[in-house]
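Visitor:
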Amino acid sequence: MATAEEVAKAAERRDVRDRWLLSAPALLVIFLAATGPLLIVLVYSFLTPGAYGDVKWQFSSDAWTSVFLERDIFDDTLSLAAAHVTIFWRSIKLAVVTTLATLALGFPTAYFMATRSEKTRDLWLFLITIPFWTNLLIRTFAVLQIIRNEGIINTILLKLGIISAPIQILYTDTAILIGMAYVYLPLMVLPIYASMEKLDFRLVEAGYDLYATRFKVLRKIIFPLVKPGVIAGSILVFIPALGAYVTPSVLGGGKNMMLSNLIELQFGQGRNWPLGSALSITVMIIVMLALLAYVRNAGKSGVRHG
Numbered sequence: 048m049a050t051a052e053e054v055a056k057a058a059e060r061r062d063v064r065d066r067w068l069l070s071a072p073a074l075l076v077i078f079l080a081a082t083g084p085l086l087i088v089l090v091y092s093f094l095t096p097g098a099y100g101d102v103k104w105q106f107s108s109d110a111w112t113s114v115f116l117e118r119d120i121f122d123d124t125l126s127l128a129a130a131h132v133t134i135f136w137r138s139i140k141l142a143v144v145t146t147l148a149t150l151a152l153g154f155p156t157a158y159f160m161a162t163r164s165e166k167t168r169d170l171w172l173f174l175i176t177i178p179f180w181t182n183l184l185i186r187t188f189a190v191l192q193i194i195r196n197e198g199i200i201n202t203i204l205l206k207l208g209i210i211s212a213p214i215q216i217l218y219t220d221t222a223i224l225i226g227m228a229y230v231y232l233p234l235m236v237l238p239i240y241a242s243m244e245k246l247d248f249r250l251v252e253a254g255y256d257l258y259a260t261r262f263k264v265l266r267k268i269i270f271p272l273v274k275p276g277v278i279a280g281s282i283l284v285f286i287p288a289l290g291a292y293v294t295p296s297v298l299g300g301g302k303n304m305m306l307s308n309l310i311e312l313q314f315g316q317g318r319n320w321p322l323g324s325a326l327s328i329t330v331m332i333i334v335m336l337a338l339l340a341y342v343r344n345a346g347k348s349g350v351r352h353g
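Numbered per the numbering used here, the sequence shown spans residues 48 to 353.
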C-alpha cells in the first residue's frame, strides 16, 4: 500500500505534467513566433551572402568581421569600417540624447500631472495618450511639415524678421532628434507619472518645513522615490530610439542613416543578408546590455527602498 506522502507526490507530479502539457501549445507558438526567427537570423549571420540576396549554406564569419571592420579589395588587409562606426555612434548618440531630452521634458510634465486634482489628472493623462491614436508615419510627417524650410517654424521666424533665410533643420541629426523626442515623449511621461502618482507629497512638505531648497527637495526626496519610473521610462525610450527606422528615413533623408536604415540597406540594395543579420544581432546585444543595466539598477533601488 502506498503511503499518503507517496500519493501526494504522485499527484503533484501528475499536476506538473498536466500543466506542461496544457502550456505546450502556447510555448510552441512562442518559440516559433519569437525565438525561431531570431535563431534563423543568428544562423544567417554565419553564412555566405548569395549573388542576388539570400544566403549560401557555407560557413563564414566575414559578416561579423564586417560589422566594425572592412577588407581592402586589393591587398585583403583589414581596417576600421568608418561608415559603420559612424552610423553606430550616431545611433547610440541620438538614442541617448533623445532619452535625456524626453527626460528633461517628461519629468516636469509628470510632476505637473501628479500634482493636479484627480479629475484633472485623468484629463492630462488622456491628452498625453492622444498621439498614440495616430500612426507613427503620420506623426513623423507632421513634424516634417513643422521643421522644413517652408514649414511653420521658418515661416514665423521670417515674418517676424528674426532670420533672413530659412534655417536648414530638415535632413540633419537635429531633425531626427526633434522627431524622436516628440514621438517617444509619452513613453517617458507615463512611467514617471505612475511612480509620481504614488509619491507621498507629505515628505515634500516636510522637506520644505526643514528649510530645504526646491532643488534639494527634488534631488534628495522626489527623484530617489520616482527613480524606478525614470529608469523604466529611459529604457522604454532608448530601445525604440536606437532601432528607429521611420523617423530617420523621413527626417534624416539618405544622408543621416541609423542602424535600422543600415540593416534594411543590407537586406535590400546591399544583398548581404549575413551582414544584415550580424548587425541585427549586434543591436540586440546593445539592447540586452541596456536591459541588464536597468534590472541591476532597479534591483538596487528595490533593496534600498525595501
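Positions of the beta carbon are idealized from the N, C-alpha and C atoms, including for glycine.
Based on the DSSP output, what are the partners of residue 95 in its beta bridges?
Guide: DSSP, once it has assigned bridges, lists 103 as partnering residue 95.
Visitor: Would you kindly work out how many angstroms separate the C-alpha atoms of residue 162 and residue 171, rounded to a whole number?
Guide: Computed Cα separation, rounded: 11 angstroms.
Visitor: Beta carbon of residue 289, beta carbon of residue 269: below 8 angstroms?
Guide: Cβ atoms of residue 289 and residue 269: not closer than 8 angstroms.
Visitor: According to the Cβ coordinates, are residue 328 and residue 89 closer than 8 angstroms?
Guide: For residue 328 and residue 89, yes; Cβs fall inside 8 angstroms.
Visitor: Residues in the same chain with beta-carbon distance under 8 angstroms from residue 67, minus the five sequence neighbours each way, listed in chain order, please.
Guide: Answer for residue 67: no residue qualifies.
Visitor: In or out: residue 135 buried (at least 16 other Cβ within 10 Å) or exposed?
Guide: Buried, by the Cβ-count rule.
Visitor: Compute the distance between the beta-carbons of residue 187 and residue 294, then report whether it is under 8 angstroms.
Guide: In contact: residue 187 and residue 294 (Cβ atoms closer than 8 angstroms).
Visitor: According to the Cβ coordinates, are residue 217 and residue 195 closer than 8 angstroms?
Guide: Cβ distance < 8 angstroms, so residue 217 and residue 195 count as in contact.
Visitor: So, helix, strand or coil for residue 117, using DSSP?
Guide: Reduced to three states, the DSSP call for residue 117 is strand.
Visitor: Output the distance between the C-alpha atoms of residue 74 and residue 212, rounded to the nearest integer angstrom.
Guide: Using only the alpha carbons, I get a separation of about 60 angstroms.
Visitor: Please determine, among 320, 242 and 221, the residue with the shortest C-alpha to C-alpha distance to residue 142.
Guide: Of the listed residues, the one whose Cα sits closest to residue 142 is 221.
Visitor: What's the C-alpha gap between residue 115 and residue 97?
Guide: Cα-Cα distance, rounded: 21 angstroms.
Visitor: Output the distance between the C-alpha atoms of residue 70 and residue 78, rounded to the nearest integer angstrom.
Guide: Taking the straight line from one Cα to the other gives about 12 angstroms.
Visitor: Does DSSP classify residue 70 as helix, strand or coil?
Guide: Residue 70 falls in the helix class under three-state DSSP.
Visitor: Would you decide whether residue 182 is buried or exposed? Buried here means 16 or more other CB atoms lie within 10 Å of its CB.
Guide: Residue 182 comes out exposed.
Visitor: Smallest Cα separation from residue 214: which of 226, 231, 229 and 193?
Guide: With distances taken between Cα atoms, residue 214 lies closest to 193.
Visitor: Going along the chain, which residues of its own chain have a beta-carbon closer than 6 angstroms to the beta-carbon of residue 228, five neighbours each way excluded?
Guide: Here the set comprises 145, 148 and 149.
Visitor: How do the segment 294-310 and the segment 98-105 stand: do at least 3 beta-carbon pairs fall below 8 angstroms, yes or no?
Guide: Too few Cβ pairs lie closer than 8 angstroms, so no.
Visitor: If you scan the segment 219-250 from start to end, which runs of the alpha helix (DSSP H) of 4 or more residues do you find wholly inside it?
Guide: Complete alpha helix (DSSP H) runs here, min 4: 220-244.
Visitor: Would the segment 105-114 and the segment 334-342 be scored as touching if the rule is three or more Cβ pairs under 8 angstroms?
Guide: Too few Cβ pairs lie closer than 8 angstroms, so no.
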